[in-house]
Amino acid sequence: GRHLGHHRRHRAPREVIVIKRYDPAPPHVVEYHERVVERPVVIHESRPRHVRWQPRHEYRSATPVILGGIIGGVVGNRMGKGRGRDIATVAGVLLGGSIGRDLAHDH
Numbered sequence: 060g061r062h063l064g065h066h067r068r069h070r071a072p073r074e075v076i077v078i079k080r081y082d083p084a085p086p087h088v089v090e091y092h093e094r095v096v097e098r099p100v101v102i103h104e105s106r107p108r109h110v111r112w113q114p115r116h117e118y119r120s121a122t123p124v125i126l127g128g129i130i131g132g133v134v135g136n137r138m139g140k141g142r143g144r145d146i147a148t149v150a151g152v153l154l155g156g157s158i159g160r161d162l163a164h165d166h
């Protein structure tokens with residue numbers, strides 16, 4: 060037979076709507092009314108799956124990028140003469156910084 064997908068119902072996050080009332084009430088009195096709206100969420104899946112959440116790392120050090128750029132610039136500066144040396148230095152800085160960033164993301 061043919062396997063039909065699973066249907067799972069999830070509750071959506073509650074939406075709270077705050078209404079500020081404007082009428083002859085004293086200015087320091089504010090009334091709040093809440094209206095809760097719930098909507099079902101249906102997920103169609105062909106087979107069960109495991110989903111793992113991994114938090115994003117907010118802090119990333121710029122040190123590997125800077126060191127990679129410096130090393131790349133030094134290496135590039137030792138190549139060629141005149142305008143060619145300038146181009147090699149800039150290319151070394153960019154390539155070294157990129158390599159430093161990639162190495163930092165892998166660890």
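Heads up, my numbering is the position in the sequence shown plus 59, with the first residue counted as 1.
The beta-carbon is built from N, C-alpha and C at its ideal position, and this holds for glycine as well.
N- and C-terminal bounds of the alpha helix (DSSP H) containing residue i
i: A121; result: No alpha helix (DSSP H) contains A121, which DSSP labels as neither H nor E.
i: V110; result: No alpha helix (DSSP H) holds V110; DSSP gives it neither H nor E.
i: R160; result: G141 to D165
Residue i burial status per 10 Å Cβ neighbour count (16 or more: buried)
i: G135; result: buried
i: T148; result: buried
i: V124; result: buried
i: G159; result: buried
Any chain D beta carbon closer than 8 Å to residue i
i: G159; result: The chain labelled as chain D is not found in the depicted structure, where only one protein chain is given.
Cβ neighbours of residue i in the same chain (closer than 7 Å, five flanking residues each side left out)
i: L154; result: G131
Rounded Cβ spacing between residue i and residue j (contact assumed at less than 8 Å)
i: A163; j: S120; result: 7 Å
i: V110; j: G128; result: V110 to G128, Cβ: 38 Å. No contact.
Spatial neighbours of residue i in its chain, beta-carbon cut-off 6 Å, leaving aside the 5 residues before and after
i: M138; result: A147
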